[in-house]
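Going down the list, the sequences are from chains E and C.
For the first sequence, counting from 1, position 183 maps to 183 in the numbering used here; every step adds exactly one.
Each position in the second sequence, counted from 1, maps to that position plus 549 in the numbering used here.
Note that CB positions come from ideal geometry on N, CA and C, so glycine has one too.
2 protein chains.
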Amino acid sequence: MKIAISQINPRIADFEYNFKQIKDFTEKAVKENCDLIIFPELALCGYMPEDIIFQHHFQKQTEEYLERVKNLSKGISILLGFVEKNKGKGKPFYNVVGLFTEGKLKEIYRKRLLPNYDVFNEKRYFEEGKENLIFELNGKKIGITICEDGWNTEFSPAYGLYPLDPVYETVNEGCDIILNIAASPFYYKKVYLREKMFSSIAQKYNKPLIFINQAGGIDGIIFDGDSCVFDKDGKIIKKAKKFDKDFFIWDTESENGDYYPVEGDEEELIFNALVIGIRDFISKIGAKRVHLGLSGGIDSALVAVLAKFALGEENVTGIMLPSPYSSKSSIEDSIKLAKNIGIKLEEIPITPFFEVLKSELTQKFSGLKDITEQNIQARLRGLILMAYSNNTGSILLNTGNKSELAVGYATIYGDMCGALSVLGDLYKTRVYSLAKWINKKFGEIIPENIIRKAPSAELKPGQKDQDSLPPYSTLDLILENYIENCLSPKEIVEKTGIDIETVNFVINMVHRSEFKRKQAAPVIKLTSKAFVSGFRFPITSNIKIKGDL
Amino acid sequence: MKIAISQINPRIADFEYNFKQIKDFTEKAVKENCDLIIFPELALCGYMPEDIIFQHHFQKQTEEYLERVKNLSKGISILLGFVEKNKGKGKPFYNVVGLFTEGKLKEIYRKRLLPNYDVFNEKRYFEEGKENLIFELNGKKIGITICEDGWNTEFSPAYGLYPLDPVYETVNEGCDIILNIAASPFYYKKVYLREKMFSSIAQKYNKPLIFINQAGGIDGIIFDGDSCVFDKDGKIIKKAKKFDKDFFIWDTESENGDYYPVEGDEEELIFNALVIGIRDFISKIGAKRVHLGLSGGIDSALVAVLAKFALGEENVTGIMLPSPYSSKSSIEDSIKLAKNIGIKLEEIPITPFFEVLKSELTQKFSGLKDITEQNIQARLRGLILMAYSNNTGSILLNTGNKSELAVGYATIYGDMCGALSVLGDLYKTRVYSLAKWINKKFGEIIPENIIRKAPSAELKPGQKDQDSLPPYSTLDLILENYIENCLSPKEIVEKTGIDIETVNFVINMVHRSEFKRKQAAPVIKLTSKAFVSGFRFPITSNIKIKGDL
């Protein structure tokens, strides 16, 4: 039997756009004499439509396009995910996969385990399915599971979250092939973990397993594709592209194959994720061009490079916005970078605007505080970058990193402006290693001086980040242990040897700055806990960690 | 038996702050010879701590303060809600109420129905409890339910969401008194509904029912208190204050009483909710003073009045930021308003800054578009208002309304700046009715001209909102039917008689502007669906409603 694995890159709730991919791939599969074609989770509307599910027009469009899918299924069986209305008690919808055959919707499998953690909110919309589904095609019994259904096995980090294991059940009921139809959000440590997990499942049950994933980025969440077939020994025998739309055919008779390890190191994974994250966000909102403030620092340099790879240098503009406190080398470094990567460069000094604001407001406010002066500069830059956006239709990319966003070392409505936060889930120390990796891979396109010099916001004379913050190596260690691992101050001290005062100082900055993150741009998710999509603290808590908890 | 109902106003995850209220009220109840004191849902940490639950310091503090609650329970029984760690399978925590007696935690009831819609995300944290709990005190059997547990009866709008009804079960198991321990978020239509629902439950089972609710505002969510006792005929015989911290004692022997209807009309409810929403947000973040841009329009006038009632006129500053396009009457009206309500008034014309930006950027960008010029003005105002914040510690209140926020008729990083959106859940037509109600109630404090004149952003000569938008009566009708009722364009046309082009135009504006709402300030919730806390659309969907869906 020939099975087509069709890894589409959908646009959320854009039925026409998604159906075109479904139709094209189905016609291709028919031409190749496939018996079955499989699409990712909720492929009809894309994962995840959020509250637009509740809109009646969404439900009407679902019905309309399901008719068109039925018509496609005349020469082939189709497994396609969509949102089904729940006509009984419980949550208003089901997350389902339909089996379409001979022009009919023949069977429906309803997702049984609904994730509701990190970026997932499925219990907001869906009721759990109650039954497994095994269907027979060409003498093979195929057992369906949807994404999380495959994550309550002993090989999974989510093991124990749910009272049942649909994979075990479907095997127990006699399936020959295990299917996992997914939309599995990317974080860089997950890739290895997921592959190992599904390999172990195939091995344990001694059955081939097909994993099919959505591709591409949506609002900061990336789906890394990587759809693949494991043979009954857990070896990968077929694999689709990483991050991108792809299609392959697996003939169930060719059961053995070679092992395909995860390719590339972490930096490469992160680089590719960020490139697709920018590219898809910009194209899916219907835009083409981006711009960013080029400060001469490492963050904006890195974003410029990533944008060039995502969109082509002709679609990227760097804008230098020097103030009286900008160093000469910042300008030189930015010019050099722009030249190296071929992007357009503009210079709009903020000095004339800053001077008039400073002098008038000093008078109005009877003096300006240091912090006020600094933030005026950052907000003037935001204002000009947004004016450029309004005037040209180019989209502003935000260049702040995760360390800054974590402690609030950023000006809200200033350098926090932007449609998409490219580095908001990358700690400063990782920003450096990614920059170094890029220079190693592509030649020294990021000027060495940008990587070498001490980080500075350049908002007052001689300012360095380390005047206000612990060294980034210390800061990031505290942050990762607090944010990703949830450790208490005392536990962080015990684990890292950093003094309690520094640890409490950092944690209190994290608490105090949540109001900024609540108004931050969508962040491209790279870790197991990204700000905005996967981190929600209360603003009005006013918690101050004082003691030795 | 004497039962104390203790309606506290907690600060989220501030154990010390909350414990002080718990201790004070418990000591008061002991003095009054009460047998039992009851606190709202999750009273120890306040509802809802969100992801800070995951932090180990939160769990350590819970343990520490539970010891202190045990010590309080030596002369009285205490029912107190907290977050319990789940040592078994499933979600990591339970939402529980503990019964503390004689220095011990004697019983635990675990919430059985976990809401996961609108502002609720309880399935992100909690596992469902499996058992009811009835405990006996002074010969009375008391059946505990927690908030949502009481909302799966036939009298509830949520009826049918869950497979079981804990109220029915606890009555069936023989309780004499039904307890509902809640943190019930306010929206103005809920007050009547909730009262009627609990009254019907008491009546149906012919048992007295105690409803206890949290009081006060957190991040835009308000808990309206209103804790009360219904007798077995469903009549309210005791009732605590609305919105505010309160305490009362019910003697179970006095079972009959009079009916207390919900007081005040909708406008009064909304007014009081907004006042507590501002007051609590500002005080809980540790601030005291606020300021806002006074444009001469109705929205900022209303926010100024609300802030005065919330914080006192001495803590409110109105800042006029006139541009070349501001009308003379806007200034005059603002001066009159500030005088009427006694707030401080400042004037900082943006013209000098606007002129220099306009001239320099016109040159740099080879011409400025109309929209660019308009947004520069809005963002200059944002910059100056934030500079005032940085310089004085005063908190900026946002003045945008729900109609604007819905269609994106607002400048991101401009008039969308602010720590709290006061009117973000109030449609423009309701803004007018609230303003009129205020003038009727308090005398004409909002100058008549502000209410009468045509709304304008005054960002270019002669501009009126109605040049870009349908009349607000039409706009709001479409928005309410789309946002609150989820109707499709065709359904809206059928229901309202508005033409399909206008309906689609408005809906497409709602879709297109989601990126702005994702970076909006927390909104004070007033309706069943408020932006930010209860509305999540995808940004990268690019859905255009074209047809006649």
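Query	Result
Hey, quick one: how far does the alpha helix (DSSP H) through valine 980 of chain C stretch, first residue to last?	977 to 991
CB-CB under 7 Å to glycine 225 of chain E, same chain, minus the five flanking residues each way: which ones, in chain order?	Gln7, Asn213, Ala215, Ala240, Lys241, Lys242, Phe243, Asp244 and Asp246
Who are the neighbours of glutamine 1068 of chain C on chain E, taking C-beta pairs under 8 Å?	Gln519, Ala520 and Ala521
Report the option in E:Val303, E:Gln21, E:Pro489 and E:Lys460 whose CA atom is closest to the CA atom of alanine 38 of chain E.	The question names alanine, but residue 38 of chain E is isoleucine in the sequence shown. The residue with the shortest Cα to Cα distance from isoleucine 38 of chain E is E:Gln21.
Nearest CA to the CA of lysine 140 of chain E: which residue from E:Ile177, E:Asn485 and E:Pro163?	E:Ile177
Helix or strand or just coil, what does DSSP make of valine 191 of chain E?	helix
What residue ranges within the region 676 to 708 of chain C form continuous beta strand (DSSP E) runs of no fewer than 3 residues, ordered along the chain?	683 to 686 and 689 to 695
Using 8 Å as the cut-off, can you tell me whether the region 848 to 863 of chain C makes contact with the region 982 to 1002 of chain C, which would need three or more C-beta pairs spanning the two stretches below that distance?	yes
Going by DSSP, which residues form a beta bridge with cysteine 583 of chain C?	DSSP output for cysteine 583 of chain C lists no bridge partner at all.
Would isoleucine 601 of chain C and proline 115 of chain E be called neighbours here (beta carbons separated by less than 9 Å)?	no
Give the DSSP bridge partners of isoleucine 249 of chain E, in chain order.	E:Ala4
Could you check which residue in E:Ser254, E:Arg381, E:Ile285 and E:Tyr325 has the C-alpha nearest to that of leucine 294 of chain E?	E:Arg381
Which runs of the beta strand (DSSP E), 3 residues or longer, sit entirely within the region 358 to 434 of chain E?	395 to 398
Would glycine 766 of chain C and phenylalanine 772 of chain C be called neighbours here (beta carbons separated by less than 9 Å)?	yes
Applying a beta-carbon distance threshold of less than 9 Å, which residues of chain E neighbour aspartate 964 of chain C?	Ordered by position in chain E, no residue passes the 9 Å Cβ test against aspartate 964 of chain C, which lies about 11 Å from the chain.
Whole angstroms are fine: how far does the CA of lysine 284 of chain E sit from the CA of proline 901 of chain C?	39 Å
Could you tell me whether the region 736 to 754 of chain C touches the region 528 to 536 of chain E, where touching means 3 or more Cβ pairs closer than 8 Å?	no
Nearest to aspartate 370 of chain E by alpha carbon, out of C:Thr941, C:Glu909 and C:Gln923?	C:Thr941
Quick one, which residues of the region 333 to 365 of chain E are near chain C if we go by CB-CB under 8 Å, in chain order?	Glu346, Ile348, Pro352, Phe353, Val356, Leu357, Glu360, Leu361, Lys364 and Phe365
Which residues in the same chain have their Cβ closer than 7 Å to the Cβ of lysine 23 of chain E, if we skip the five residues on either side of it in sequence?	Leu72
Could you name the residues of the same chain whose beta carbon sits closer than 7 Å to that of glycine 963 of chain C, not counting the 5 residues immediately before and after it, in chain order?	Asn924, Ala927, Arg928, Arg930 and Gly931
Spatial neighbours of glycine 562 of chain C within its chain, please: CB distance less than 7 Å, with the 5 preceding and 5 following residues excluded, ordered by chain position.	In the sequence on display, residue 562 of chain C carries alanine and not glycine. Excluding positions up to five away in sequence, the list reads Cys594, Gly595, Pro598, Ile601 and Phe607.
For glycine 765 of chain C, list the residues DSSP reports as bridge partners.	C:Phe772
Would the beta-carbon of methionine 320 of chain E fall within 9 Å of that of glycine 342 of chain E?	no
Write down the C-beta distance between proline 590 of chain E and aspartate 149 of chain E rounded to the nearest angstrom, noting that I regard them as a contact closer than 8 Å.	With chain E represented from 1 up to 549, any question about residue 590 of chain E goes unanswered, as that position is not in the structure.
Compute the Euclidean distance between the alpha carbons of lysine 787 of chain C and tyrosine 754 of chain C, then round it to the nearest angstrom.	19 Å
Quick check: the region 1060 to 1078 of chain C against the region 28 to 36 of chain E, are there 3 or more CB pairs under 8 Å?	no
Counting pairs of Cβ atoms below 8 Å between the region 946 to 961 of chain C and the region 423 to 431 of chain E, do you hit three or more?	no
Just to check my reading of the structure: leucine 662 of chain C and asparagine 701 of chain C have Cβ atoms closer than 8 Å, yes? What is that Cβ distance to the nearest angstrom?	6 Å
Using a Cβ cut-off of 9 Å (strictly closer), state whether arginine 828 of chain C contacts chain E.	no
Tell me whether glutamate 347 of chain E sits in a helix, a strand or coil according to DSSP, three-state version.	strand
Strictly by DSSP, which residues pair up with glycine 318 of chain E?	E:Leu292 and E:Leu345
Could you pull out every residue in the same chain whose Cβ sits closer than 7 Å to the Cβ of valine 431 of chain E, ignoring the five residues on either side in sequence?	Ile298, Asp299, Leu302, Asn401 and Leu423
For a cutoff of 9 Å on Cβ pairs, would you count phenylalanine 566 of chain E as touching chain C?	No information on residue 566 of chain E is available, as it lies outside the stretch 1 to 549 that chain E covers here.
Below 8 Å between beta carbons is the criterion; list the residues of the region 920 to 933 of chain C that meet it against any residue of chain E, in chain order.	Ile920, Thr921, Asn924, Ile925, Arg928, Leu929, Gly931, Leu932 and Ile933
When the Cα of lysine 885 of chain C is compared with those of C:Asp782, C:Phe603 and C:Ile999, which residue comes out closest?	C:Ile999
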